[in-house]
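Enquirer:
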Amino acid sequence: MTVTEPTTDAADNSFRRMDESSAEQWAHIGRCTALNQPRVADRILMLLQSLADIRDGFLTDQLTHSLQTATMAERAGADEEMVFASLCHDIGKAISVPNHGAISAEIIKPYVREDVYQTILNHQDFQGRHYYHHFGAPRDLRDQFRSESWFSLCEEFTDDWDQQAFDPDYDTLPLEHFEPLVRKITASVSSGTSGTQRTDY
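Residue numbers (my numbering): -18 to 182.
Listed below in structure tokens is the structure:
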């Protein structure tokens, strides 16, 4: 995609150190970043597409698994943020399988509410219920989160959708079906923690 830079006479963005910058220069950077927010959706869709190259011994590739998880969530009546998160829950595997849950969760964090973020962040511990015994590992890791407000959402995500989504014969919706949702969810970002102005540039 083409990167857009707004023209301005007020900001001379020639600083080489942050401690020599001005408020006007940061305002200019903020405007540029906002104008280029659509690239987030482009990058997410690109990462999702790259999962088609990752199978790692599973019956389906990781893109099919992600699409199938999102399809199941949508058909179960999950809200848009949860469908988006279901689609992106393993996007971290495009970078690294170890710690992929945390990678995925941090990518979507600015665009989803806290319980959805926590669901993706912790879904691996919930998944252990279904297969950790094959490795001699405890299957009850999810129990440490039982008092959390998001526990039931993560349980539904893990048990009803994620762990069941490896079926090559399932009627899985294509990535094109979810593209408008990805663009809608990532079209804008919240102001950051505690409602303060964004500072993460």
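Virtual Cβ for every residue (Gly too), placed ideally from N, Cα, C.
(1) Which residues in the same chain have their Cβ closer than 8 angstroms to the Cβ of serine 77, if we skip the five residues on either side of it in sequence?
(2) Verify whether the separation of the beta carbon atoms of valine 21 and threonine 153 is less than 8 angstroms.
(3) Classify threonine 167 as helix, strand or coil using the three-state DSSP reduction.
(4) Assuming tryptophan 7 is part of the alpha helix (DSSP H), what are its boundary residues?
(5) CA-CA distance, glutamine 145 and glutamate 55?
(6) Residue range of the alpha helix (DSSP H) that glycine 82 falls in?
(7) Three-state secondary structure (DSSP) at aspartate 23?
(8) For asparagine 183 and threonine 50, I'd like the C-alpha separation in whole angstroms.
(9) Let me know the secondary structure DSSP gives glutamate 129 once reduced to three states.
(10) Anyone know if the C-beta pair for aspartate 143 and glutamine 108 falls short of 8 angstroms?
(11) Given this structure, state the Cα-to-Cα distance separating serine 130 from aspartate 96, to the nearest angstrom.
(12) What is the rounded straight-line gap between the Cα of alanine 75 and the Cα of leucine 28?
(13) Could you pull out every residue in the same chain whose Cβ sits closer than 8 angstroms to the Cβ of serine 184, ignoring the five residues on either side in sequence?
Expert: Checking against the coordinates, here is how it stands:
(1) For the purposes of this step, residue 77 is taken as residue 96 along the sequence shown, with counting starting at 1. Cβ within range, chain order: Ile84.
(2) The count along the sequence shown starts at 1 and reaches residue 21 at position 40. The count along the sequence shown starts at 1 and reaches residue 153 at position 172. Result no, Cβ atoms of valine 21 and threonine 153 do not sit closer than 8 angstroms.
(3) Taking the sequence shown and counting its residues from 1, one reaches residue 167 at position 186. Of the three classes helix, strand and coil, the one that applies to threonine 167 here is coil, per DSSP.
(4) Position 26 of the sequence shown, counted from the first residue, corresponds to residue 7. For tryptophan 7, the enclosing alpha helix (DSSP H) starts and ends at 4 to 16.
(5) Start at 1 with the first residue of the sequence shown, and residue 145 comes out as number 164. Start at 1 with the first residue of the sequence shown, and residue 55 comes out as number 74. Their Cα atoms are separated by approximately 14 angstroms.
(6) For the purposes of this step, residue 82 is taken as the residue at position 101 of the sequence shown. 81 to 89 is the extent of the alpha helix (DSSP H) around glycine 82.
(7) For the purposes of this step, residue 23 is taken as residue 42 along the sequence shown, with counting starting at 1. Correct three-state label for aspartate 23: helix.
(8) This structure cannot settle anything about residue 183, because the visible part of the chain is limited to -18 through 182.
(9) The count along the sequence shown starts at 1 and reaches residue 129 at position 148. Coil at glutamate 129, not helix or strand.
(10) Here residue 143 corresponds to residue number 162 of the sequence shown, with the count starting at 1. Here residue 108 corresponds to residue number 127 of the sequence shown, with the count starting at 1. A contact, by the Cβ cut-off of 8 angstroms.
(11) For the purposes of this step, residue 130 is taken as residue 149 along the sequence shown, with counting starting at 1. For the purposes of this step, residue 96 is taken as residue 115 along the sequence shown, with counting starting at 1. Distance between the alpha carbons of serine 130 and aspartate 96 is about 7 angstroms.
(12) Looking up residue 75 in the sequence shown gives position 94. Looking up residue 28 in the sequence shown gives position 47. C-alpha separation (whole angstroms): 6 angstroms.
(13) Outside the shown range of the chain (-18 to 182) lies residue 184, about which nothing can therefore be said.
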